[in-house]
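Report on one structure; see the data block that follows.
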Amino acid sequence: MTQSQTDPAPRRAAPGAPLLQVEDLHVEFRQRSGVVNAVNGISYSLAEGQTLAILGESGSGKSVSAQAIMGILDVPPAVVSGAIRFEGRDMLTMSAEDQRQVRGPGISMIFQDALSSLNPVYSVGWQIGEMFRVHQGASRKEAKKKAVELMDRVRIPAAAKRVDDYPHQFSGGMRQRVMIAMAIALDPRILIADEPTTALDVTVQAQVMDLLKDLQRETGMGLILITHDLGVVNEVADDVAVMYAGRIVERGTVDDVFTDAGHPYTEGLMNSVPQLEAKGGRLQPIVGQPPNLAAIPSGCPFHPRCARRRLGAEAAPGRECSTDVPPLRLVAPGREAACHYSEEVLGVRAV
Amino acid sequence: MSEPSESSRPTGATAASAASAAPDSASARGPLGETLLEIRGLQKHFPLTQGVLFKRTIGHVRAVDGVNMTLRRGETVGLVGESGCGKSTVSKLLVALEKPTGGSILYKGKDLAAMSGRALKEYRREVQIIFQDPYSSLNPRMTVGDIVAEGWSVHSDVAPRKDRLKRTQELLDRVGLNPDYVNRYPHQFSGGQRQRIGIARALALRPEVIVCDEPVSALDVSVQAQVVNLLEDLQDEFGLSYLFIAHDLSVVRHISDRVSVMYLGSIVEEGTDEQVYATPSHPYTQALLSSVPLHEPHLRGQKDRILLQGDVPSPADPPSGCRFRTRCWKAQDICATEAPALVDRGQGHPAACHFAEARAVVPVDVD
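Each protein sequence line maps, in turn, to chains L and U.
Each residue of the first sequence is one higher than the last, beginning at 2 in our numbering.
Each residue of the second sequence is one higher than the last, beginning at -8 in our numbering.
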């Protein structure tokens, strides 16, 4: 599972040193109707060549946390606190100009909806070339030449011919490749991919995920993959952080977490997904709906939907699910989960 | 914003009465297995026009081009395919929102194209649809109660006027919504709850067939499973037949008795879920199945990887012969000249490929 970390990929930092450290990140949106707590204290780190998947459903805060790292949230209404250290420097306290220097060569991002992320009135070659013109002061001609090279690298057929085409002339998969070309143009150390294949068909999704993995192997960049798709996480990522209501509720290697969940939410997700390889019995969904981020339940945010919750006298002292917030704690070697009764969840699905 | 929370099961007190509210129970209908819908050579071509004042037709988009399918009472037929393959056009043709260019839809032996007046009205009541997007398919200015009851203003014989409120509440209860929410508006509900409203609306007219056009694609995984279970329960209770259209191959396998795979306007393979998933015989089905990421770590890397090159050709200018030949690794000269028929070539179920050959792509879960 850690094979990509031991790959002889090109390295630029001291081995083992995390590229990115997110510490106690909070994001809230102050609105007239109240405060929406989108991200509530998440911490993680990412090393070179590592692929970390952030798994969660809509409204879990997974995209907002990534936008906070990129510094593309509008402040206000968003309020970001905590620390985001890129190579040891806190991006939240940096000047806007320094932040801009990090975005592009340091961290870059691709989005779910490639069509609305591209400018319809400029050719794709111009938009890819903009990275070189703005960040490196390249001439138009140089920028276009490099754009063609990049389009080749992301396997867009007949790149030299298509460089002057506009976004609407590309298919969904090809547009996402254009986005990837822009994101890797300045050889970033970290690529954040926010649901990169959600809008794509499965056959195209497989092509795009393969491309991302190949690019990562070539460059040794760290990859943060934000998705709700358990299958994509399993096939692409080394480690996974499961988010619920703005918190990380479980973290570990994909093998560990997906083989034997340590949080009832992860367990519920695994039981909700039908299998491809067998018809399977009745699905076991999680009851209820994900919480409203303006009114997150007290205690463990998952307790209203949890089949394993212990309330009142059933609970151990200090571990009452509706009043005591469970911390993200070590529950097994290399495994963290934010559940008071994680030990009872572990081992249930053991294969 | 208030977010009403719901359990997925009806409350015990009203569950019994709900059964009498919605469609007749299965026993009151015809025998299970009886053919309800038969689609033969169905075609829908949309004209491509040029010019503003004087429109000239410069070609046709062959959205649906020769689809054959059969739907029997009480069964679920899955229709899978990628975006643009024409599966949603099939659903619109089935509920008579579009008129076919060619071919026929036979419902209980009668041709839909020949229906008019009372027969067409009855067909439209008996064949209902659930749409993909629970956000845009519900009128934001109507209350949930009005949305569910709207069909009765046309089909007034289904529910006597004085019973309508009670029936609406029973329907809401049956689909797992609080019956007290009849006066709420769609924006007060989450995506999964809205999809339940859409299901209650379809059930209100006591349909025989429900066309489910990507009913769970817009929902989160945990909520998706709730809706899939609800659809299965309703089918058992009311003897409904589903045409389940989706691009998620795992969900389709889970819910379907038989599966048809569609590519660029026509069916390339059909069979039981076991036949299509365990022994896919058309290269496209094989590629499609091999692209689905599996979520079990112990199955990782055990799949037969087939990466398709290129994109789906335009349905305005489909390739000659076999539609899939431009992306197929088996293509030979005959594929460009002769369109393969959807027949069994010895692999146990029909596939539209000259070189059809069963090949296990998905690993078998041994534990």
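For each residue, glycine too, the CB sits at the ideal point set by N, CA and C.
Span of the alpha helix (DSSP H), counted from its first residue to its last, around residue i
i                 : result
Tyr275 of chain U : 274 to 282
His36 of chain U  : No alpha helix (DSSP H) holds His36 of chain U; the beta strand (DSSP E) holding it covers 26 to 41.
Arg101 of chain L : 97 to 103
Asn235 of chain L : 231 to 237
Met175 of chain L : 173 to 185
Met110 of chain L : No alpha helix (DSSP H) contains Met110 of chain L, which is instead part of the beta strand (DSSP E) from 108 to 111.
Thr134 of chain U : Looking at the DSSP string, Thr134 of chain U is not in any alpha helix (DSSP H), and its letter there is neither H nor E.
Met132 of chain L : 125 to 137
Ser82 of chain U  : 78 to 85
Glu219 of chain L : 203 to 220
Arg330 of chain L : Where Arg330 of chain L is concerned, there is no enclosing alpha helix (DSSP H), although the beta strand (DSSP E) it sits in stretches over 330 to 333.
Arg155 of chain U : 155 to 165
Ser251 of chain U : Taken as a continuous stretch (DSSP letters only), Ser251 of chain U belongs to no alpha helix (DSSP H), being part of the beta strand (DSSP E) at 249 to 254.
Cβ-based burial, residue i [other Cβ within 10 Å; buried from 16]
i                 : result
Asp239 of chain U : buried
Phe45 of chain U  : exposed
Pro206 of chain U : buried
Glu98 of chain L  : exposed
Gln41 of chain U  : exposed
Gln170 of chain L : exposed
Trp320 of chain U : exposed
Val352 of chain U : buried
Gly335 of chain L : exposed
Ala332 of chain U : exposed
Lys101 of chain U : exposed
Thr48 of chain U  : exposed
His273 of chain U : buried
Pro78 of chain L  : exposed
Lys147 of chain L : buried
Pro306 of chain U : buried
Ala12 of chain U  : With a pLDDT of 44 at Ala12 of chain U, under the threshold of 50, the modelled position of that residue is not reliable, and the figure given next carries that caveat. It counts as buried.
Leu298 of chain U : exposed
Gly32 of chain U  : exposed
Gln32 of chain L  : exposed
Val355 of chain U : exposed
Sequence-distant residues of the same chain with beta carbon closer than 7 Å to residue i, five excluded per side
i                 : result
Gln34 of chain U  : Val55, Asp56, Gly57, Pro91, Thr92, Gly93, Gly94
Asn120 of chain L : Gln128
Val332 of chain L : Gly263, Ala338, Ser343, Glu344, Leu347
Met92 of chain L  : Gly72, Ile85, Gln100, Val103
Thr2 of chain U   : Reliability of the predicted coordinates at Thr2 of chain U is poor, the pLDDT of 43 falling under 50, and the value obtained from them is presented with this limitation in mind. Closer than 7 Å at the Cβ level, and outside the excluded window around Thr2 of chain U, lie Asp164.
Glu359 of chain U : Lying outside -8 to 358, the shown extent of chain U, residue 359 of chain U is not represented and no answer is given.
Phe315 of chain U : Tyr254, Val259, Pro274, Tyr275
Pro275 of chain L : Gly281, Leu284
Close Cβ partners of residue i (< 6 Å) along its chain, the five nearest in sequence each way excluded
i                 : result
Ser16 of chain U  : Interpretation of Ser16 of chain U is limited by its pLDDT of 47, a score under 50 that renders its predicted location unreliable; no figure is taken from the coordinates.
Arg178 of chain L : Val155, Ile157
Gly301 of chain U : Arg318
Arg249 of chain U : Val68, Thr263
Span of the beta strand (DSSP E) around residue i
i                 : result
Met244 of chain L : 240 to 245
Gln32 of chain L  : 21 to 32
Ala54 of chain L  : 52 to 56
Asn260 of chain U : For the sequence presented, residue 260 of chain U should be read as Glu rather than Asn. Note, Glu260 of chain U: beta strand (DSSP E), 257 to 263.
Glu251 of chain L : 248 to 254
Val145 of chain U : That residue, Val145 of chain U, is in no beta strand (DSSP E); it is neither H nor E in DSSP.
Ala314 of chain L : Per DSSP, Ala314 of chain L belongs to no beta strand (DSSP E) and is neither H nor E.
Residue i - partner residues in DSSP beta bridges
i                 : result
Arg90 of chain L  : L:Phe87
Thr67 of chain U  : U:Tyr233
Cys203 of chain U : U:Ile121, U:Phe235
Tyr266 of chain L : In the DSSP output, where bridge partners are listed per residue, Tyr266 of chain L has none listed.
Ile227 of chain L : L:Ile55, L:Asp195
Asn41 of chain L  : L:His27
Leu62 of chain U  : U:Leu28
Lys162 of chain L : Beta-bridge pairing links Lys162 of chain L to no other residue.
Asp102 of chain U : U:Leu97
Close-in-space but distant-in-sequence residues of the same chain around residue i (CB under 8 Å, 5 per side omitted)
i                 : result
Tyr114 of chain U : Ala87, Tyr98, Leu103, Met106
Ala235 of chain L : In the sequence on display, residue 235 of chain L carries Asn and not Ala. Excluding sequence neighbours, Asn235 of chain L sits near Val255, Phe259.
Cys301 of chain L : Cys307, Arg310, Cys322, Ser323, Asp325, Val326, Pro327, Ala339, Cys340, His341
Worksheet item: Counting pairs of beta carbons, one from the segment 332 to 342 of chain U and one from the segment 264 to 283 of chain U, are three or more of them closer than 8 Å?
Response: Because the criterion of three Cβ pairs below 8 Å is met, the segment 332 to 342 of chain U and the segment 264 to 283 of chain U touch.
Discussion item. Can you confirm whether the segment 225 to 240 of chain U touches the segment 186 to 204 of chain U when touching is taken to mean that 3 or more C-beta pairs between the two stretches lie within less than 8 Å?
Written reply: Because the criterion of three Cβ pairs below 8 Å is met, the segment 186 to 204 of chain U and the segment 225 to 240 of chain U touch.
Worksheet item: Within the chosen definition, does the segment 218 to 231 of chain U reach the segment 291 to 308 of chain L through at least 3 CB pairs nearer than 8 Å?
Response: Counting C-beta pairs closer than 8 Å gives fewer than three between the segment 218 to 231 of chain U and the segment 291 to 308 of chain L, which falls short of the contact rule.
Discussion item. Can you confirm whether the segment 250 to 269 of chain L touches the segment 186 to 196 of chain U when touching is taken to mean that 3 or more C-beta pairs between the two stretches lie within less than 8 Å?
Written reply: Taking 8 Å as the limit for Cβ pairs, the verdict is that the segment 250 to 269 of chain L does not touch the segment 186 to 196 of chain U.
Worksheet item: If we count Cβ pairs, one from each stretch, closer than 8 Å, do we get three or more for the segment 225 to 237 of chain L versus the segment 186 to 200 of chain L?
Response: Yes, they touch.
Worksheet item: Are there three or more Cβ pairs, one per stretch, closer than 8 Å when the segment 312 to 321 of chain L is compared with the segment 276 to 291 of chain L?
Response: The segment 312 to 321 of chain L, when compared against the segment 276 to 291 of chain L, does not touch it at the 8 Å Cβ threshold.
Worksheet item: Is the segment 103 to 113 of chain L touching the segment 194 to 206 of chain L, taking contact as three or more C-beta pairs under 8 Å?
Response: Contact between the segment 103 to 113 of chain L and the segment 194 to 206 of chain L is present, with at least three C-beta pairs closer than 8 Å.
Item to complete: Report yes or no: do three or more beta-carbon pairs, one from the segment 116 to 133 of chain U and one from the segment 152 to 159 of chain U, lie closer than 8 Å?
Response: Short answer: they don't touch.
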